Amino acid sequence: MGRVFSCLVTCCLLWGAPPSALSQSDDDGECPVKLALLYNFAQFIQRPPEAFHGPTSPLTLRVGGQTLCQIFADFSYHGLTLEEAYGWRNRTIPTAPFNTIFNDPGTHTIDAPGFLDLKYEHKFGGDWGYRARFYYDHYNFSGSYPYDASSKGGPSRVVNEDLAIGQRWGAEFEVSKKPGDHQTPIAGLEYRDDFQQVQRNYDLQPYFRYLNDHRSSSIGAAFVQDSIPRRSNLTDFRVT
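Reminder that position 164 of the sequence shown reads as 163 in numbering that gives the first Met the number 0, one-by-one numbering, no gaps.
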């Protein structure tokens with residue numbers, strides 16, 4: 000019954016859709032259906048008069064989209080594990096975020112995260128073990144935001160560029176011993192170096208810089224932790 004109802008709703012929404020939305024080839028996939036749904040939904044939405052320049056102003060519909068690429072690989076050999084991942088996404092945003100120009104095809108963002116993680120674990124002596132880890136992370140972001148500066152005496156279209164770059168590497172080493180069935184004390188060291196932290200924001204044509212921040216930071220730590228076995232009147236808890 001639910002499937003029949005949803006089919007009826009879809010047919011009602013498609014009824015009266017513009018021919019251009021329904022006459023596209025099958026190669027376009029689901030795009031004609033999306034356009035038809037948006038077209039009919041828009042007819043049931045009431046907007047304030049100031050949203051249009053005049054009574055004959057057209058209603059513009061635009062579907063945002065994105066291009067996505069993701070890669071992941073891992074490798075294991077005995078106690079050695081290597082993992083690597085990379086992602087890239089280009090996203091168009093027609094809905095005028097941050098007071099940008101509505102439906103401008105130049106409004107888009109690109110983000111590209113990735114990491115490399117190398118670990119090695121080894122047990123020895125029956126109750127001893129150690130683990131070493133090295134990792135590298137990076138994240139790149141760029142956004143283009145066209146906006147109208149004519150109200151402030153500027154051009155009718157100015158593109159604002161927002162950039163961020165982050166890179167870091169780190170290392171960990173810990174030693175553990177298991178003296179009993181419930182207790183596992185661990186001691187270790189950790190170091191992390193955020194060697195690139197960049198934020199930039201500026202306008203193009205005419206050029207104006209709002210932010211240009213370059214910095215780095217690092218942190219190191221030593222830790223000791225143990226799990227206390229549960230007793231009759233005491234629940235498990237961990238001390239670090």
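The beta carbon of each residue, even a glycine, is placed where N, CA and C say it ideally should be. Keep in mind it's a predicted model, so treat the numbers as computed, not measured.
Legend entry - Cβ shell of I70 (< 6 Å), same chain only, five flanking positions each side left out: Around I70: Y85.
Inset, instruction - Keeping to the same chain, check which residues put their C-beta closer than 6 Å to that of C68; ignore five residues upstream and five downstream. - result: Within the same chain, C68 has close Cβ partners W87.
Inset, instruction - Using three-state DSSP, classify S149 as helix, strand or coil. - result: In the three-state reduction of the DSSP assignment, S149 falls in the helix class, which pools H, G and I.
Legend entry - Nearest candidate by alpha-carbon position, reference K176, set G125, E120 and H137: Taking only the C-alpha atoms, the option nearest K176 is G125.
Legend entry - Proximal residues to V3 (C-beta, below 8 Å), its chain only, five neighbours per side dropped: Unreliable placement is indicated for V3, whose pLDDT of 40 sits below 50; no coordinate value is reported for it.
Inset, instruction - Note the first and the last residue of the continuous beta strand (DSSP E) segment covering T108. - result: Residues H107 to F123.
Legend entry - Same chain, Cβ closer than 6 Å to A170, neighbours up to 5 away in sequence not counted: Only F133 and Y190 meet the Cβ criterion.
Inset, instruction - Helix, strand or coil for N39, going by three-state DSSP, please let me know. - result: If DSSP states are grouped into helix, strand and coil, N39 belongs with the helices.
Inset, instruction - Grab the span of the beta strand (DSSP E) containing T80 for me, first residue to last. - result: Here the beta strand (DSSP E) through T80 covers L79 to T91.
Inset, instruction - Kindly list the residues whose CB is nearer than 6 Å to the CB of V158, restricted to its own chain and excluding five residues on each side of it in sequence; keep chain order. - result: If we look at V158 and ignore the five residues flanking it on each side, its Cβ neighbours are S143, P145 and L203.
Inset, instruction - Would you kindly work out how many angstroms separate the C-alpha atoms of Q65 and S226, rounded to a whole number? - result: Going by the C-alpha atoms only, they are around 47 Å apart.
Legend entry - Residues bridged to K176 (per DSSP): Bridge partners of K176: W127.
Legend entry - Segment limits, beta strand (DSSP E) that includes G187: Note, G187: beta strand (DSSP E), I185 to L203.
Inset, instruction - Using only alpha-carbon positions, find the residue among A111, P112, G113 and N89 that is nearest to P104. - result: Of the candidates A111, P112, G113 and N89, the one whose C-alpha sits nearest the C-alpha of P104 is N89.
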